[in-house]
Amino acid sequence: MDGEDVPNYLDAELFILRSLCRDDAPQLAEILTNAELSQFDQVDRALAILDARMWIESAARGRAARRQMTWGIAQTAESPIIGVCDFEIDSGVAIVGFGLLPRARRRGVMSTCLATAIQHVFTHALVSRIQAEVALENRASIGLLRKFGFVDICSENSSKWTLDRCKWNLRSTALRGIDRTRATAT
Ligand SMILES: CC(C)(COP(=O)(O)OP(=O)(O)OC[C@H]1O[C@@H](n2cnc3c(N)ncnc32)[C@H](O)[C@@H]1OP(=O)(O)O)[C@@H](O)C(=O)NCCC(=O)NCCS
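Residue 196, in this note's numbering, is where the sequence shown stops; the numbers in between run on with no holes.
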C-alpha cells in the first residue's frame, strides 16, 4: 500500500477506532468466534485467545508493511474493544472485514464506525474500491453493505460486494444523516 501511515486513533463521534494491542485478545476472541465466551470450555477459550493474539500480531505486521488497516472499536481510549474493522489492501483494492460483540449489535455502531473507516481508507490509501465477501445467509452484513452502497457482484453461491470510490463520495454525503442517537453505550 502506498499512502500515509495508519493513525492510532480515528474519531467516530461516539466511538473511537484505535489500533489493537495484546490486551485486546480476549474481546477479539469473542468477536472473531462470534460466540459468547461463556459458551467456551477452558481449552476452547484459551485457544481462541491465542488465535486472537496471533491475529493482532499479524495485523501489526500488515500495518507496518502498509498493506493493512485494522482498528478496534471502543467507547474511549481506555475501554475494552467492542468490535473490529479491518482492511487488507492489495493492488488498489481493499478487502474489508468487520465484527461486533453480540451485545453491541443492532444499535447503529458499525454504521457509525465503518463510515469513518471507509472515509479514511478512501482518503488516505491509494485504493479505488473496497470489496467484501460474506456468507449468503449473513443478512446483517449484507444489510450493512447495502446501506453503504456496496453492490452485489456475486455468483449464485457466493456473496461478493464492491464499493467504488466515486460511488462512496456520493453515498457518504447521504450517510451523514445516519441516526447516531441509537449508537449509544453498550
Ligand atoms: C454485521 C454487523 C457488524 C452489523 O453491525 P451493527 O452495528 O449491528 O449494524 P447496524 O446496527 O449499524 O445496522 C446497519 C444495517 O445493517 C443491517 N442489519 C444489521 N443487523 C441486522 C440484522 N440482525 N438483520 C438484518 N439486517 C441487519 C440493517 O440494514 C441495518 O440498517 P438499519 O439499522 O438502517 O436497518 C454485526 O451484525 C456483526 O458483528 N455480525 C457478525 C460478524 C460478521 O458477520 N461479520 C461479517 C464478516 S466480514
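The C-beta atom is built at its ideal place from N, Cα and C for all residues, glycine as well. Predicted model, so just to flag it, every value in this text is computed and none were measured.
Near ligand 1: residue i beta-carbon under 7 angstroms from a heavy atom
i: residue 120; result: yes
i: residue 142; result: yes
i: residue 108; result: yes
i: residue 150; result: yes
i: residue 116; result: yes
i: residue 38; result: no
i: residue 154; result: yes
i: residue 157; result: yes
Under the three-state DSSP convention, the category residue i falls into
i: residue 173; result: strand
i: residue 27; result: strand
i: residue 122; result: helix
i: residue 98; result: strand
i: residue 74; result: helix
N- and C-terminal bounds of the alpha helix (DSSP H) containing residue i
i: residue 43; result: 35-43
Element boundaries [beta strand (DSSP E), containing residue i]
i: residue 51; result: Where residue 51 is concerned, there is no enclosing beta strand (DSSP E), given that its DSSP letter is neither H nor E.
i: residue 78; result: 78-84
i: residue 91; result: From DSSP, residue 91 is part of no beta strand (DSSP E); its letter is neither H nor E.
i: residue 104; result: 103-110
i: residue 114; result: Unbroken run through residue 114: none, as it is neither H nor E.
_Which runs of the alpha helix (DSSP H) at least 4 residues long sit entirely within the segment 125-170? Give them in chain order._
149-157
Decide if the segment 135-146 is in contact with the segment 93-107; the criterion is three or more beta carbon pairs, one per stretch, under 8 angstroms apart.
A contact between stretches requires three or more CB pairs, one per stretch, nearer than 8 angstroms, and the segment 135-146 meets this requirement with the segment 93-107.
Exercise. Any chance the segment 108-120 sits against the segment 155-168, with 3 or more Cβ pairs inside 8 angstroms?
Worked result: no
Legend entry - Given 8 angstroms, three or more beta-carbon pairs between the segment 69-85 and the segment 52-59: no
- Spell out a yes or no on whether the segment 15-34 and the segment 78-88 are touching, meaning 3 or more CB-CB pairs, one atom from each, closer than 8 angstroms. yes
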